[in-house]
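Numbering (the working numbering), first residue to last: -8 to 349. We treat Cβ as the ideally placed atom computed from N, Cα and C, and that holds for glycine. Okay, structure first, notes after.
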């Protein structure tokens, strides 16, 4: 914070001196001073442009190198390699274009500074140049967009059939995680059923949801595809897992998804980083309210056998909250009792009809 304050103060001082210098020039012009003073001010400005180019470029280069590791956490997923390759390819192309144009801009400001014995050359139009600087950027940008679209379609498209499925729901201000049980099928949920106990809105009239369970942290197996089903309970959030290069919005009323394959366990990443306290993290990087900073959850990448052992120990939501399951059974029994019965016929209510009535 101190460094930032110093930088801001220096920047403000430069702005003040620049304005004072500019005021002096305007005063000289309006007071009818000779063109000699204007020539001096132009030379000073031209030299300052080169100084700014060199000092600003050196400062940028130092800052980039100094903070490179902070900007690029180690990659721990298969698609992360492709994503980083695409990102740095784009940055290289844009960086070369930026550096070239800025060097020319400041160099031309110096080279073509005002001189009393030189007149500016009027260059109104050139069809060839127009075509070149329109066509080349268009082709380059189209190639970058196509590469991005191709990668995006892959990671948001259908996941492998054997993928581990889990659902992540964002709410102010924490994450909720739900896993399918042994049947590997997520049951239905209904926002009308959400309360202090049933935060996910489990609809336990759906048999697929009887064995679903929630967890206080995310566990996923190394080397196995993982499909994230994402949604929000209130406002816009964003699922952000930097080491896996995962980012996807959690949008109210619009489920989204993202699949990836982790390549390094938590223990392996701790050894690589030299940090025994390291944990992968799920964070919200979409400002969602006053408690936005608190929306974090640990992610544990296990060896496949360890993941299976962890999974086997989990208790379903219905077994941990028998009163919730009992309330659904009670409602179902009431539906059976209230169902109209034709003369001579047995009272039968199908599960589908019962669910519809709920």
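In the DSSP secondary-structure assignment, residue 4 is not bridged to any residue.
Going by beta carbons, residue 4 and residue 101 fall outside the 8 Å limit. The alpha-carbon separation between residue 217 and residue 199 amounts to approximately 20 Å. Contact between residue 160 and residue 224 is confirmed by a C-beta separation of about 6 Å, below the 8 Å threshold. In this structure the region 243 to 253 lies against the region 143 to 159, because at least three pairs of beta carbons, one per stretch, are closer than 8 Å.
Here residue 234 carries a helix assignment [DSSP, helix/strand/coil]. Listed in chain order, the non-local C-beta contacts of residue 172 below 7 Å within the same chain comprise 202, 203, 204, 307, local neighbours out to five positions each way being set aside.
By the beta-carbon neighbour count (other beta carbons within 10 angstroms, threshold 16), residue 158 is buried. The beta carbon of residue 165 is closer than 8 Å to those of 285, 286, 288 in its chain, skipping five residues each way along the sequence.
Contact between residue 221 and residue 206 is ruled out by a C-beta separation of about 16 Å, above the 8 Å threshold.
Distance between residue 278 and residue 140, taken at the CA atoms: about 26 Å.
If one requires a minimum length of 3 residues, the beta strand (DSSP E) runs lying completely within the region 139 to 169 are 155 to 162, in chain order. For residue 211, the uninterrupted beta strand (DSSP E) run begins and ends at 209 to 212, by DSSP. For residue 261, there is no enclosing beta strand (DSSP E); the residue is part of the alpha helix (DSSP H) that begins and ends at 257 to 264. Non-local beta-carbon contacts of residue 231 in its own chain, meaning distances under 6 Å to residues more than five positions away in sequence, involve 238, 274, 276 in chain order.
Residue 204 is bridged by DSSP to 170. Here the C-alpha atom of residue 183 lies approximately 14 Å from the C-alpha atom of residue 319.
The beta carbon of residue 118 lies closer than 8 Å to none in the same chain, with the five residues before and after it left out. A contact between stretches requires three or more CB pairs, one per stretch, nearer than 8 Å, and the region 74 to 87 meets this requirement with the region 128 to 143.
As the crow flies, the alpha-carbon of residue 177 is around 19 Å from that of residue 313. Judged by beta-carbon spacing, residue 215 lies beyond the 8 Å limit of residue 168, meaning their Cβ atoms are not closer than that value. Assignment of beta-bridge partners to residue 217 by DSSP yields 155, 251.
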